[in-house]
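Visitor: With my numbering, letter number 312 in the sequence shown gets 441, and the count goes up by one each step, no holes. Yeah, the Cβ is synthetic: ideal placement off N, Cα and C, and Gly gets one too.
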Amino acid sequence: GERQRAGGRGADGEGERQRAGGRGGRLDPFTLVDDEVAALLAGEPAYRVRQVRGWLARGVADPAVMTDLPKALRERLREVLPTPPTTLRHVTADGGLTHKVLLALADGEAIESVLLCYPRDGAPLSNSEAGGRRKSRGRATVCISTQAGCAMGCPFCATGQAGLRRQLRVHEVIAQIAVVADLLRDEALRPDGVPDHVTNVVFMGMGEPLANPDATFATLRWLTGADQFNLSARNVTVSTIGLVPAIRRLMRLELPITLAVSLHAPTDQLRDQLVPINRTHPLAELLAVCDEYVATTRRRITFEYVMIDGVNTAVHHARQLGDLLGPRRAHVNLIPMNPTPGIAWVAPPVGAQRRFAQILEAAGLTATIRHNRGTDIDAACGQLDANYQMAS
Ligand code: SAH
Ligand code: SF4
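This is the structure:
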């Protein structure tokens, strides 16, 4: 425990603390270890420390909300903690089943998180993520961002177009979950049959989670920590474009989360075009680390495949993909290309999408077609583009 409180040079919190967005140099409350929370509250009775830890476990780092603390203490905390994000806008779609929240960060940057509700029985919208395994309990899934923008430059992706603006800090990632958890507690907003708490978290918003590994890993620890948010790791999905060294680091965390790998093409020739990072980490290298991941964690990997008409959805692409993944008995999540301003690509007709899925299944894979939600409010996962600077 040689982690230092300011600008610490400890394990994974390290880079995160130094790249402070917004108020530079302030502590990120979610990377503090227990002793550090206590030190922050030096001179306060032990139950105050417990109270603050309780708030942090719920994802609340805004002293103004910690109403069980005396005013003077809240003020003291406000001076050392980073300025919390504030909600700029909240819109809904799909008859109240999809919510998008726009958050303003301290430096004027804006980010979004999305709540996808899947009611207990007879969901009005079929959703493939759940496949045939849908339990009757209902789910409330939060889709979160880890970066403002993204440096990976995938030509079909709205986020990728503008490049990376900055990394998000841990407290900014966690705030996205906390704000949605708040929405779910509100009976007036919560659709029938939907849980009153967050049941699933997917890292499929803006940015490449494994290009901000410190914040992603710290968020995973907080999400799954028994005395933290305490969500089952099985209900957490991290989606990556395929940053091989960081997948290996993720593997070493030994958390039974679901890894989703954005494949999008069955050959290097095509993937080089759709996923520029493939030129650095080509398919053979990526699939080798995926195999290692499966062997080590005993968790299946989901492969994501955005279906772009005339680009990667011909019959021969399906056969090549089947050859590549069939022996791995993998699951493929087919995502119809979401129309994006400035990008001419569209999804193939539904019949062609189904035929593509059938060829994969014939090769021994399970394939599902994702029903895009919230497209009318630009809230589909992987569709968050932050030209919301103007909104702020
Ligand atoms: N950077 C990570 C996670 C965010 S994107 C990744 O790429 O995996 C989440 C998913 O949405 C990815 O599979 C991504 O390929 C997909 N996506 C991005 N743009 C899309 C679009 N226009 N239509 C459909 N899916 C898209
Ligand atoms: Fe970044 Fe993922 Fe979009 Fe590629 S698909 S640009 S990795 S957010």
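Tell me which residues share the same chain as Ala233 and place their Cβ nearer than 7 Å to its Cβ, disregarding the 5 neighbours each side in the sequence.
Guide: For Ala233, where only same-chain residues beyond five positions count, the Cβ hits under 7 Å are Pro214, Thr215, Leu217, Ala239, Ser521.
Visitor: Here's a check: name, in chain order, each residue in its chain whose Cβ is nearer than 7 Å to the Cβ of Val178, leaving out the five neighbours to either side.
Guide: Counting only Cβ-Cβ distances below 7 Å, and skipping sequence neighbours, we find Val166, Ala167, Leu170.
Visitor: Smallest Cα separation from Gly354: which of Pro395, Ile386, Arg408?
Guide: The residue with the shortest Cα to Cα distance from Gly354 is Ile386.
Visitor: Heavy atom of the ligand SF4 less than 7 Å from the Cβ of Cys283, yes or no?
Guide: Checking every heavy atom of the ligand SF4 against the Cβ of Cys283, one is found closer than 7 Å.
Visitor: For Gly493, verify whether its CB is less than 7 Å away from any heavy atom of the ligand SF4.
Guide: Result no, Cβ not under 7 Å from the ligand SF4.
Visitor: Is it true that the stretch 328-344 meets the stretch 235-250, where meeting means three or more beta-carbon pairs spaced less than 8 Å apart?
Guide: Flag = yes, the stretch 328-344 and the stretch 235-250 touch.
Visitor: Under 8 Å by Cβ, that's how I've got Leu388 and Tyr422 pegged, so tell me the actual separation to the nearest angstrom.
Guide: Confirmed, Cβ separation roughly 6 Å.
Visitor: Keeping to the same chain, check which residues put their C-beta closer than 7 Å to that of Met436; ignore five residues upstream and five downstream.
Guide: Around Met436: Thr442, Leu463, Ile464, Pro465, Met466, Ala476, Pro477, Gln482, Phe485.
Visitor: Going by alpha carbons, who is nearest to Gly439 out of Glu414, Arg408, Gly292, Trp474?
Guide: Answer by Cα proximity: Trp474.
Visitor: Could you check the C-alpha separation between Thr445 and Leu372 for me, to the nearest Å?
Guide: A small fix is needed here, since residue 445 is His in this sequence, not Thr. Going from the Cα of His445 to the Cα of Leu372 covers about 27 Å.
Visitor: Please classify Arg314 as buried or exposed, where buried requires at least 16 other C-beta atoms within 10 Å of its C-beta.
Guide: When all chains shown are included, Arg314 counts as exposed.
Visitor: From the DSSP secondary-structure annotation, give me the bridge partner or partners of Leu231.
Guide: Paired residue(s): Arg218, Glu241.
Visitor: Report all residues from its chain with a CB closer than 7 Å to the CB of Val230; omit the five preceding and five following residues, and keep chain order.
Guide: The answer, listed in chain order, is Thr216, His219, Glu241, Ser242, Val308, Val309.
Visitor: What's the call for His326, buried or exposed, on a 16-neighbour Cβ count within 10 Å?
Guide: Under this definition His326 is an exposed residue.
Visitor: Going by C-alpha to C-alpha distance, which of Arg319, Phe346, Asp311 sits closest to Arg381?
Guide: Here the closest residue by C-alpha is Phe346.
Visitor: When the Cα of Phe285 is compared with those of Gly451, Leu392, Gln449, which residue comes out closest?
Guide: When only C-alpha atoms are compared, the closest one is Leu392.
Visitor: Which residue or residues does DSSP assign as beta-bridge partners of Ile472?
Guide: DSSP, once it has assigned bridges, lists Thr469 as partnering Ile472.
Visitor: Would you kindly check if the distance between the Cβ of Val390 and the Cβ of Phe432 is under 8 Å?
Guide: Closer than 8 Å, so yes.
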